[in-house]
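Structure record follows, encoded as structure tokens.
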Amino acid sequence: MRRLLAGILMLVLSTVSAVASESDGLILHRSIQNFPEAMLALQTSIGEHGYTVSRVQRVDIGLTKSGYKTDKYRIVFFGKSSEIRAVKQSQPQLIPYLPLKVVIFSENNETLLVASNMTQFSELVNNEYTKTLLQRWNNDIQSIFSEIK
Amino acid sequence: MLSVLGIKVSVRSWLVPVLMLISVAVNAAPNGQLLYETNCASCHGGNGKGGVGVPISLPSFLHSVPDTYLEKTIRYGRPGRVMPPFKYLSDAQIKAIVGHLRNFAPGKYPESLHALVKGDIKRGKKLFGQHCASCHGVNGEGGKGTGVTFSRPRELPIIAPSISNPGFLLAATDHMIKSTLMNGRQGTPMQSFLKMGLTEKDIDDLVSYVRSFENVKAKKKFTEESAIMVFDSPNDLKTTVENLKNAAGAENFRIIRVQDLEEGLVKKGAESGREVVIYFCNFQTLNEVLGVDPRVGLFLPCRVTVVEREGKVQVMAINPRYLSAMYNNDELDKFCDQMFEIYTNIIEEATL
Numbered sequence: 431m432r433r434l435l436a437g438i439l440m441l442v443l444s445t446v447s448a449v450a451s452e453s454d455g456l457i458l459h460r461s462i463q464n465f466p467e468a469m470l471a472l473q474t475s476i477g478e479h480g481y482t483v484s485r486v487q488r489v490d491i492g493l494t495k496s497g498y499k500t501d502k503y504r505i506v507f508f509g510k511s512s513e514i515r516a517v518k519q520s521q522p523q524l525i526p527y528l529p530l531k532v533v534i535f536s537e538n539n540e541t542l543l544v545a546s547n548m549t550q551f552s553e554l555v556n557n558e559y560t561k562t563l564l565q566r567w568n569n570d571i572q573s574i575f576s577e578i579k
Numbered sequence: 144m145l146s147v148l149g150i151k152v153s154v155r156s157w158l159v160p161v162l163m164l165i166s167v168a169v170n171a172a173p174n175g176q177l178l179y180e181t182n183c184a185s186c187h188g189g190n191g192k193g194g195v196g197v198p199i200s201l202p203s204f205l206h207s208v209p210d211t212y213l214e215k216t217i218r219y220g221r222p223g224r225v226m227p228p229f230k231y232l233s234d235a236q237i238k239a240i241v242g243h244l245r246n247f248a249p250g251k252y253p254e255s256l257h258a259l260v261k262g263d264i265k266r267g268k269k270l271f272g273q274h275c276a277s278c279h280g281v282n283g284e285g286g287k288g289t290g291v292t293f294s295r296p297r298e299l300p301i302i303a304p305s306i307s308n309p310g311f312l313l314a315a316t317d318h319m320i321k322s323t324l325m326n327g328r329q330g331t332p333m334q335s336f337l338k339m340g341l342t343e344k345d346i347d348d349l350v351s352y353v354r355s356f357e358n359v360k361a362k363k364k365f366t367e368e369s370a371i372m373v374f375d376s377p378n379d380l381k382t383t384v385e386n387l388k389n390a391a392g393a394e395n396f397r398i399i400r401v402q403d404l405e406e407g408l409v410k411k412g413a414e415s416g417r418e419v420v421i422y423f424c425n426f427q428t429l430n431e432v433l434g435v436d437p438r439v440g441l442f443l444p445c446r447v448t449v450v451e452r453e454g455k456v457q458v459m460a461i462n463p464r465y466l467s468a469m470y471n472n473d474e475l476d477k478f479c480d481q482m483f484e485i486y487t488n489i490i491e492e493a494t495l
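Order-wise, the sequence lines are chains A and B. For the first sequence, the working numbering gives the first residue as 431, with consecutive numbering after it. For the second sequence, the working numbering gives the first residue as 144, with consecutive numbering after it.
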């Protein structure tokens, strides 16, 4: 009984609480922190959600030279090794989109974060485990973003 | 017994107040500020001052448009101009967001007026070429880029929106377009064309011309693109990697990095060795494309992955054409097309 009620409550709450902006396959989030702080918060939050940051890649070599206002532009790659391994084994067609990643760049004193909504690849997938996993990845990315104020 | 979500539940005394609480939470008016922050602030800024999106907090804007313009803009978005359609928001949620926008600049704003403006389209077209095309584009397609994006100094003017966009034309009444031209938008490059010396008749002709963009057929999009590209390689994994590096070099790309897909995720040395990722880049294109849409960095630098399964080797990549729909940005189509050709050339060359 109690568990049923908890389930109902969760269902209700999940429809009431707003999710991060989801538009055409992208998840966007604006942080009011500056770049270094938001970057730290992102990596901390990724870790707290049980994922490993595998690499932080710069894409901004030469950006300032060509007139950009910011050179603060990075891609953060992350994943859980067991999950990545399972998916690339059973669903190799997802490999080009693995591991998970977030783009983070500064806009004045604020910071923008962008990730793909992994559920859009459900159509490519033919097993339930991976479909559920894509949904969980999506929820986790939203949750990671929501912790970056 | 009471049926909740199709499940029969026996009602205990304590359950009733709890259920009532839940239904209060569900029926409570949607929180406009929260909805704005989660759905709009990423592009328009928490204070509405603009970003990837145009500013939407200026009094000159908010005091000149009716609620219906804002509601329909949210519902339909701006197809191909970054602003997504918010299909899953309820009418009540959209109204709550509009309420929040109004708080940015409290004051009077017009009702929605539907009277049509009947001007001379031919004359309007000529005037448009003289007075508008320099900012809004010859066919009203909008300036390069959108809003006040990150890549440009903030002092630069707001990029003119597309006014031939189907989303804009659905949202805007003739009256709204006319009053925008009559009054301009103080604090933006959009001037009052009455003050610029045009007559009301000129402005009517312009309004009718802008309205006539509705009849222009939308260009074809890659709607049914697959998300990935896959090629078989006749060679082993190592040779395929070398071939790809050479082929990318021959297309003027610099190899940035070659790594195992699992690198950094598992202990050093424990990588499976069966998926090798090659990153390559052409800095000029990279800078250009980030200028068009800073969000594209998610798929940069360029990447192909060589995958070995039971002795069979394949080369995989994202399909760049798939991205242009994902980003709702027509300006990316050209780059996505270019990248599609380049990926195809490089991979074909390497898997001959």
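Glycine residues also receive a C-beta, built at the ideal position from the N, C-alpha and C atoms.
### Query
Taking only beta-carbon atoms, is serine 552/A less than 7 Å away from chain B?
Locating residue 552/A in the first sequence gives position 122, where the first residue counts as 1. It does not; no Cβ of chain B falls within 7 Å.
### Query
Are three or more beta carbon pairs between the region 528-542 of chain A and the region 503-512 of chain A nearer than 8 Å?
The region 528-542 of chain A makes contact with the region 503-512 of chain A: 3 or more CB pairs, one atom from each, lie closer than 8 Å.
### Message
When you compare the region 227-237 of chain B with the region 264-272 of chain B, are there three or more beta-carbon pairs, one atom per stretch, that lie closer than 8 Å?
### Response
These segments do not touch.
### Query
In or out: leucine 472/A buried (at least 16 other Cβ within 10 Å) or exposed?
Within the first sequence, the letter at position 42 stands for residue 472/A. With 16 or more other Cβ atoms within 10 Å, it is buried.
### Query
Would you call serine 415/B buried or exposed, if buried means 16 or more other Cβ atoms sit within 10 Å of its Cβ?
Your numbering for residue 415/B matches position 272 in the second sequence. Exposed, by the Cβ-count rule.
### Message
By the DSSP assignment, the beta strand (DSSP E) with phenylalanine 247/B in it spans what residues?
### Response
As a working mapping, residue 247/B is identified with position 104 in the second sequence. That residue, phenylalanine 247/B, is in no beta strand (DSSP E); its alpha helix (DSSP H) goes 234-247.
### Task
Tell me glutamate 540/A's beta-bridge partners as DSSP assigns them.
Numbered from its first residue, the first sequence carries residue 540/A at position 110. Looking at the DSSP assignment, glutamate 540/A forms a beta bridge with Glu537/A.
### Query
tyrosine 503/A touches chain B at which residues, Cβ-Cβ below 8 Å?
For this step, residue 503/A is matched to residue 73 along the first sequence. Those within 8 Å of tyrosine 503/A in chain B are Leu433, Pro437 and Gly440.
### Message
Could you check whether valine 458/B and leucine 380/B sit closer than 7 Å to each other, using their CB atoms as the reference points?
### Response
As a working note, residue 380/B is residue 237 in the second sequence. As a working note, residue 458/B is residue 315 in the second sequence. No.
### Query
What does arginine 452/B reach in chain A if we use C-beta pairs closer than 8 Å?
Looking up residue 452/B in the second sequence gives position 309. Listed along the chain, the chain A residues whose CB falls inside 8 Å of the CB of arginine 452/B are Pro522.
### Message
For the ligand NAD, is there any heavy atom lying closer than 6 Å to the beta carbon of lysine 518/A?
### Response
With respect to the ligand NAD, the structure shown offers nothing to examine, as it has no ligands at all.
### Message
So, for isoleucine 525/A: in the same chain, excluding its five sequence neighbours on each side, which residues have a beta-carbon less than 8 Å away from its beta-carbon?
### Response
The count along the first sequence starts at 1 and reaches residue 525/A at position 95. Exclusion of the five residues before and after isoleucine 525/A leaves Lys518 as the residues of its chain whose Cβ lies within less than 8 Å of its Cβ.
### Task
Thinking glycine 191/B and phenylalanine 247/B are a contact (beta carbons under 8 Å), I'd like their distance in whole angstroms, please.
For the purposes of this step, residue 191/B is identified with residue 48 of the second sequence, where counting begins at 1. For the purposes of this step, residue 247/B is identified with residue 104 of the second sequence, where counting begins at 1. With a contact defined as Cβ atoms closer than 8 Å, glycine 191/B and phenylalanine 247/B qualify at about 5 Å.
### Message
Check whether chain B comes within 7 Å of serine 484/A, counting only Cβ atoms and requiring the distance to be less than that.
### Response
The residue you call residue 484/A lines up with position 54 of the first sequence. Judged by the 7 Å Cβ criterion, serine 484/A is in contact with chain B.
#### Entry: valine 373/B in three-state terms, based on DSSP
Position 230 of the second sequence, counted from the start, is the residue given in the question as residue 373/B. Here DSSP, grouped into helix, strand and coil, assigns valine 373/B to strand.
#### Entry: Chain-ordered neighbours of alanine 460/B on chain A, where CB pairs are closer than 9 Å
As a first step, residue 460/B is located in the second sequence; it is residue number 317 there, counting from the start. Within 9 Å of the CB of alanine 460/B, the CB atoms of chain A belong to Pro526, in sequence order along the chain.
### Message
If I follow the unbroken alpha helix (DSSP H) through methionine 469/B, where does it start and stop?
### Response
Sequence index remark: in the second sequence, residue 469/B carries index 326 (1-based). Counting along the chain, the unbroken alpha helix (DSSP H) around methionine 469/B starts and ends at 463-469.
### Query
To which residues of the same chain is leucine 435/A closer than 6 Å at the C-beta, ignoring the five residues directly before and after it?
Your numbering for residue 435/A matches position 5 in the first sequence. Low local confidence applies: a pLDDT of 46 at leucine 435/A is under 50, so the model's placement there is unreliable, with the coordinate-based value given in what follows. The answer is none, since no qualifying residue turns up.
### Task
Output the distance between the C-alpha atoms of leucine 429/B and lysine 360/B, rounded to the nearest integer angstrom.
Residue mapping note: residue 429/B aligns to position 286 of the second sequence, counting from 1. Residue mapping note: residue 360/B aligns to position 217 of the second sequence, counting from 1. So the two alpha carbons sit approximately 31 Å from each other.
### Query
Taking buried to mean at least 16 other C-beta atoms within 10 Å of its own C-beta, is serine 351/B buried or exposed?
Numbered from its first residue, the second sequence carries residue 351/B at position 208. Label assigned to serine 351/B: buried.
### Nearest residue (CA-CA) to glutamine 463/A, options Gly480/A, Leu543/A and Gly477/A
Counted from its first residue, the first sequence places residue 463/A at position 33. Ranking the options by Cα distance to glutamine 463/A, first place goes to Leu543/A.
### Task
Output yes if chain B places a C-beta closer than 7 Å to the C-beta of arginine 590/A; else output no.
Because chain A spans 431 through 579 in this model, residue 590/A falls outside it and cannot be assessed.
### Message
For methionine 459/B, list the residues DSSP reports as bridge partners.
### Response
Translated into the one-based positions of the second sequence, residue 459/B becomes position 316. As a beta-bridge residue in DSSP terms, methionine 459/B pairs with Val373/B and Thr448/B.
### Environment of leucine 470/A [buried if 16+ CB atoms lie within 10 Å]
Walking along the first sequence from the start, residue 470/A turns up at place 40. With fewer than 16 other CB atoms across the displayed protein chains lying within 10 angstroms of its CB, leucine 470/A is exposed.
### Message
Within 7 Å of any Cβ in chain A, is that where the Cβ of valine 419/B sits?
### Response
Along the second sequence, one-based indexing puts residue 419/B at 276. Valine 419/B does not count as touching chain A.
### Task
Give, in chain order, every residue of the region 405-417 of chain B whose Cβ lies closer than 7 Å to some Cβ of chain A.
The residues in question are Glu405, Glu406, Gly407, Leu408 and Val409.
### Query
By the criterion of Cβ-Cβ separation under 9 Å, what are the contact partners of serine 546/A in chain B?
Taking the first sequence and counting its residues from 1, one reaches residue 546/A at position 116. The contacting residues are Leu441, Phe442 and Met469.
### Query
In terms of alpha-carbon separation, which member of Ala468/A, Gly477/A and Gly455/A lies closest to methionine 226/B?
Residue mapping note: residue 226/B aligns to position 83 of the second sequence, counting from 1. Each of Ala468/A, Gly477/A and Gly455/A was checked against the Cα of methionine 226/B, and the nearest Cα belongs to Gly455/A.
### Task
Please compile the residues from chain A whose C-beta is within a distance smaller than 8 Å of the C-beta of alanine 248/B.
Working through the second sequence from its first residue, we reach residue 248/B at position 105. From the beta-carbon of alanine 248/B, no residue of chain A is found nearer than 8 Å; the closest lies around 20 Å away.
### Message
Suppose you measure from the CA of leucine 408/B to the CA of arginine 400/B; what does that come to, to the nearest Å?
### Response
Against the second sequence, residue 408/B aligns to sequence position 265. Against the second sequence, residue 400/B aligns to sequence position 257. In a straight line, the C-alpha of leucine 408/B is about 17 Å away from that of arginine 400/B.
### Cross-chain neighbours of serine 185/B in chain A, by beta carbon under 7 Å
On the second sequence, residue 185/B is found 42 positions in, with the first residue counted as 1. Annotation: Cβ neighbours of serine 185/B in chain A (cutoff 7 Å, chain order): Ser451, Leu458, His459, Arg460 and Leu542.
### Task
Pull up the distance between the alpha-carbon of glutamate 451/B and that of cysteine 183/B, whole angstroms please.
Within the second sequence, residue 451/B is the residue found at index 308, counting from 1. Within the second sequence, residue 183/B is the residue found at index 40, counting from 1. Here the alpha carbon of glutamate 451/B sits roughly 43 Å from the alpha carbon of cysteine 183/B.
### Any chain B beta carbon closer than 7 Å to threonine 474/A
In the first sequence, residue 474/A corresponds to position 44, counting from 1. It does not; no Cβ of chain B falls within 7 Å.
### Query
Just reading off the alpha helix (DSSP H) that isoleucine 320/B is part of, what are its end residues?
By one-based count along the second sequence, residue 320/B stands at place 177. For isoleucine 320/B, the enclosing alpha helix (DSSP H) begins and ends at 317-326.
#### Entry: Own chain residues within Cβ distance below 6 Å of valine 421/B, not counting five before or after
Residue 421/B sits at position 278 when you count from the first residue of the second sequence. Checking the sequence, you will find isoleucine at residue 421/B rather than valine. Result list for isoleucine 421/B: Leu387, Val401 and Val447, in chain order.
### Query
When the cut-off is 7 Å and only beta carbons count, does valine 167/B lie next to chain A?
Numbered from its first residue, the second sequence carries residue 167/B at position 24. Its pLDDT being 47, under 50, valine 167/B is placed unreliably by the model, and the measurement read from it follows with that caveat. With respect to chain A, the C-beta atom of valine 167/B has no partner C-beta closer than 7 Å.
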